[in-house]
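Numbering (the UniProt record's numbering), first residue to last: 1 to 995.
In structure tokens:
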């Protein structure tokens, strides 16, 4: 019934547009305004399709008691190409059409009066925009409604699979519309920017063909010429091939702030370099040399060009601290007591000063975390430009977008993929680099790997723990740093680990209690000689790696899987061993008495955790066995329709991708019923990229399902990919032929590992279970941040001078007693988050977004009248904006709220009612698809709460893919023997993409 009422309301809205607005708009708009004409024409087609859908929906509602089925009519109604074509044209023209209406409203008083009268007389008081935006948001609404139905539909229900398939159909449609809308808005924004800053641009720069806006940011340009250092406000436009800097001037016209741009410089993106270590970092490094052993200050000539009040104050405080230490020693040697001069008083002064030093260090770290140094081309070579972003996360996201934009322009990515039938202009992923990891005198071969996070400073840096085979050594481990901010791979450590070949590897988080190997994060490696080696994850620098423990197995392990304080080992004898921690404070692993679950006479090849059912899926031959995690016993078994030995299983959505040993076919099974849904043959993929006929038939060597992509490694070294539906409730059916990468390995791809580019953690907190003091410390930090967010004043957008002296730093406010009920809930949620995030496990693809619809289809769902003015009329902004709304979003992110999926989503049409239109618009505009930023309210001397005044969405939608195999080969050019002196040695390839 809710679906029927929602559809009825939607149709009535479309009818109102046609009956009340179409004729007056067409009469006033003029013949040359084609966008609004096309939109209204397609609106009639959309209305006809929904009339037919409403008829079918009404019939199902009437006979619901007899036949509880609704999913099939969604598939039948919206899988037609003509429905997509109508919606696509409407969505593509929407932005420009609304701009035409806004221009008409601005120039014609009669039209303004007409719109105002219609809005006033309407029962819901919706504006013309509120009505016309509904088709943009209709498919996300459908998806959320079906997701709600699936929550209450039992697995055995006859309509469950049809609902899941309907979610997939609607998601594919919404994804295409979302991408079309985003691309059109970006191109439209680039044209508007170029039209506003024609002065100083060459004819080449003014060419807007194929230009689109990636992001725009308000930053400070730091001028190193005076004390204290001055800053100039600038707006930086990042286009796909150009970087533009302008000065923004504001004019108030009838309560609306109008922006004018004064062009400063324009540089081709190819010629811009991002310097990792800026001058601010160098100053910070010099400050870190202070050891407290000398009374002399650190104020040297090196500060002349980079002096700031914060650094001056820190140096002075450190100097005073050392002086107080000397005074304290002298006071202790006094023979007579003095009331005013006591050791206790001096100790208290030292403690206070130490706290101030720590606060100043945090302030400087924040400043350093916001600085971006660019090297721009100049007549004399390169000139350095120092910019300051609004927050550390804004800097991180800006640098990441900059790196990806540069990669897109690089020659290695101009022809990086073979895309069949020109399905899309966008590449599945950008190739970054390759890294040979053989450090021994003999050749090495990649066997397996696991992703981990190792501490570096105050963050957790993703690393790959790669297991190689060296004939003269046995098993050797190479640890590779994946530096996402610089897009490079670095070999950080290599050591001989085992006497024989390593078959599989797994990371095990420690308990943080006691002194045994169980208390620290470890890596367990199984070998062909039926043994398991345990190594500490983090090893002290300079010390030699030694195994913490080595113990035997009854058979060779082919796969290790850790979950819920248990380690499952799949053996080639057909059994699964289950190791558990002892029930004591230290949680010591019992390696002597594992439980044994006998499954088959054939080897157990795969283990997969099914978190929804609290079970482990194990495969032997062509059978899937279900092991109950709680009882450690066999629960059930299911024989698959395929023949052969299952080699890889990968879950995604409600599907399970399965590949068989030495087979070129991958199978998709329904994860709830294990019914076969789809088969894909990849055998001919090699012939599309190979310049010779010598390439053999491709077979699957590894599988990976990351956000929005299915990755397939092959025996010949080719990397294939398919786009996948991204929602958890969808069936991951793919269509068409696979994308084939021209960058690959010379031998079989042995593993594929995913990383996210936005994960950070405290270096000292990489254990699963933290001591209470550590948890409390972390909670105090987050609670202070939350308090700052709650109490930070909103910023008025007044007129300011382009050059400003930096004001002083404000101190973070404390948590008030009135926040105690929230604090209790916040602490509980934070503990749960920390338990997840402080693991060394790097696969953040398991940590889903709090709101899938918002993150995936934001360009459709965030189509508000306010965001439209930000993404299109970039030169216009409302007079005031409420920063508290952005603050609220930040608070929810930090507290780990998971209330994104609302059970009442079906009741809404993502309403834009007048009484709530303003707040919805302002909230959603903080995450506009073009990433428009508000004017910053921060200074060079950063406030602790500054980074939350302008909320920056986290860039966790950037995914790193690391493939491991032997050698590197570029398939679209002749093999170059100079690329690597030993072509078939162990090698890693590094990819990045945004979903």
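Ideal Cβ placement from N, Cα and C applies to all residues, glycine included.
Could you check what DSSP says for residue 166 in three-state terms: helix, strand or coil?
DSSP places residue 166 in helix when its eight states are reduced to three.
Am I right that residue 627 and residue 576 are in contact with their C-beta atoms under 8 Å? What's the rounded C-beta distance?
A Cβ-Cβ distance of about 7 Å is found for the pair residue 627 and residue 576, placing them in contact under the 8 Å criterion.
For residue 28, which option in 11, 160 and 106 has the closest C-alpha, if you only look at C-alpha atoms?
From the listed residues 11, 160 and 106, the smallest Cα separation to residue 28 is found for 106.
Do the segment 161-173 and the segment 181-193 meet, that is, are 3 or more Cβ pairs less than 8 Å apart?
The segment 181-193 and the segment 161-173 do not touch, with fewer than three beta-carbon pairs separated by less than 8 Å.
Along the chain, which unbroken stretches of the alpha helix (DSSP H) at least 4 residues long are found entirely within the segment 323-373?
The alpha helix (DSSP H) runs lying completely inside the segment 323-373 and spanning 4 residues or more are 343-369, given in chain order.
Going straight from the alpha carbon of residue 343 to that of residue 336, what length do you get?
The C-alpha of residue 336 is placed about 13 Å away from the C-alpha of residue 343.
Output the residue ranges of the beta strand (DSSP E) runs that lie fully inside the segment 673-761 and measure 3 residues or longer, sorted by chain position.
Correct list: 676-681, 700-706, 709-714, 719-723, 739-741 and 751-756.
Do three or more CB pairs link the segment 623-637 to the segment 584-602 at distances below 8 Å?
Under the three-pair Cβ rule at 8 Å, the segment 623-637 counts as touching the segment 584-602.
By how many angstroms is the C-alpha of residue 95 removed from the C-alpha of residue 186?
Whole-angstrom Cα-Cα distance: 11 Å.
In the DSSP assignment, find the unbroken alpha helix (DSSP H) run with residue 3 in it and report its ends.
Counting along the chain, residue 3 sits inside the alpha helix (DSSP H) bounded by residues 2-16.
If contact is defined by three or more beta carbon pairs under 8 Å, each pair taking one atom from either stretch, is the segment 11-29 in contact with the segment 65-72?
With the cut-off at 8 Å, the segment 65-72 and the segment 11-29 do not touch.
Cβ separation of residue 688 and residue 740, assumed to be a contact under 8 Å, to the nearest whole Å
Right, the Cβ-Cβ distance comes to about 6 Å (below 8 Å), so this counts as a contact.
Should the segment 523-537 be regarded as contacting the segment 553-563, the criterion being three or more beta carbon pairs within less than 8 Å?
Yes, the segment 523-537 is in contact with the segment 553-563.
3-residue-minimum beta strand (DSSP E) runs that sit fully inside the segment 131-164, ordered along the chain
Runs of the beta strand (DSSP E) inside the segment 131-164: none found.
Secondary structure of residue 76, DSSP reduced to three states
Here residue 76 sits in helix by DSSP.
Segment limits, alpha helix (DSSP H) that includes residue 112
Its alpha helix (DSSP H) spans residues 109-121.
Could you please give the first and the last residue of the uninterrupted alpha helix (DSSP H) stretch that includes residue 59?
Unbroken alpha helix (DSSP H) run through residue 59: 34-62.
In angstroms, rounded to a whole number, what distance separates the CA positions of residue 156 and residue 672?
A direct Cα-Cα distance of roughly 9 Å separates residue 156 from residue 672.
What number of angstroms, rounded off, separates the C-alpha of residue 421 from the C-alpha of residue 581?
Here the alpha carbons of residue 581 and residue 421 stand approximately 54 Å from one another.
Could you give the residue range of the alpha helix (DSSP H) that holds residue 609?
For residue 609, no alpha helix (DSSP H) run applies; the uninterrupted beta strand (DSSP E) run containing it begins and ends at 604-610, by DSSP.
Which term fits residue 506, buried or exposed, when burial requires 16 or more other beta carbons within 10 angstroms of its beta carbon?
Buried, because 16 or more other Cβ atoms sit within 10 Å of the Cβ of residue 506.
Can you have a look at residue 710 and say buried or exposed, based on whether 16 or more other CB atoms are within 10 angstroms of its CB?
For residue 710, the number of other beta carbons within 10 angstroms of its own is at least 16, and it is reported as buried.
Exposed or buried, which one is residue 345 when buried takes at least 16 other CB atoms within 10 Å?
Result: exposed.
State the DSSP-derived secondary structure class of residue 103, mapped to helix, strand or coil.
In the structure shown, the three-state DSSP call for residue 103 is helix.
Bridge partners - residue 265, DSSP secondary structure assignment:
Partner(s): 245.
Three-way DSSP call (helix, strand, coil) for residue 670 in this model
Looking at residue 670 - three-state DSSP - the assignment turns out to be strand.
Alpha carbons only, please: which of 667, 712 and 511 is nearest the one belonging to residue 587?
Answer by Cα proximity: 511.
Bridge partners - residue 222, DSSP secondary structure assignment:
Bridge partners of residue 222 according to DSSP: 231.
Bridge partners for residue 524 per DSSP, in chain order?
Residue 524 is bridged to 506 and 534.
So what does DSSP say about residue 471, is it helix, strand or coil?
It is coil, neither helix nor strand.
Are at least three pairs of beta-carbons, each pair with one atom in the segment 532-543 and one in the segment 438-455, less than 8 Å apart?
Touching, per the Cβ criterion.
If you check the beta carbons only, do residue 258 and residue 725 fall under 9 Å apart?
In this structure, residue 725 does not lie closer than 9 Å to residue 258 by Cβ.
Could you say if the segment 731-750 and the segment 960-974 meet the contact criterion of at least three C-beta pairs nearer than 8 Å?
Output reads yes: the segment 960-974 touches the segment 731-750.
Stretch pair the segment 562-577 + the segment 490-498: three plus CB contacts closer than 8 Å
The count of Cβ pairs closer than 8 Å, one atom from the segment 562-577 and one from the segment 490-498, stays below three, leaving the stretches out of contact.
Looking only at C-alpha atoms, which of 141, 961, 92 and 449 sits nearest to residue 42?
Ranking 141, 961, 92 and 449 by Cα distance to residue 42 puts 92 first.
Using a Cβ-Cβ cut-off of 6 Å (strictly less than) and excluding sequence neighbours within five positions of residue 248, which residues of its own chain qualify?
Excluding residues within five positions, the ones whose Cβ falls inside 6 Å are 235 and 259.
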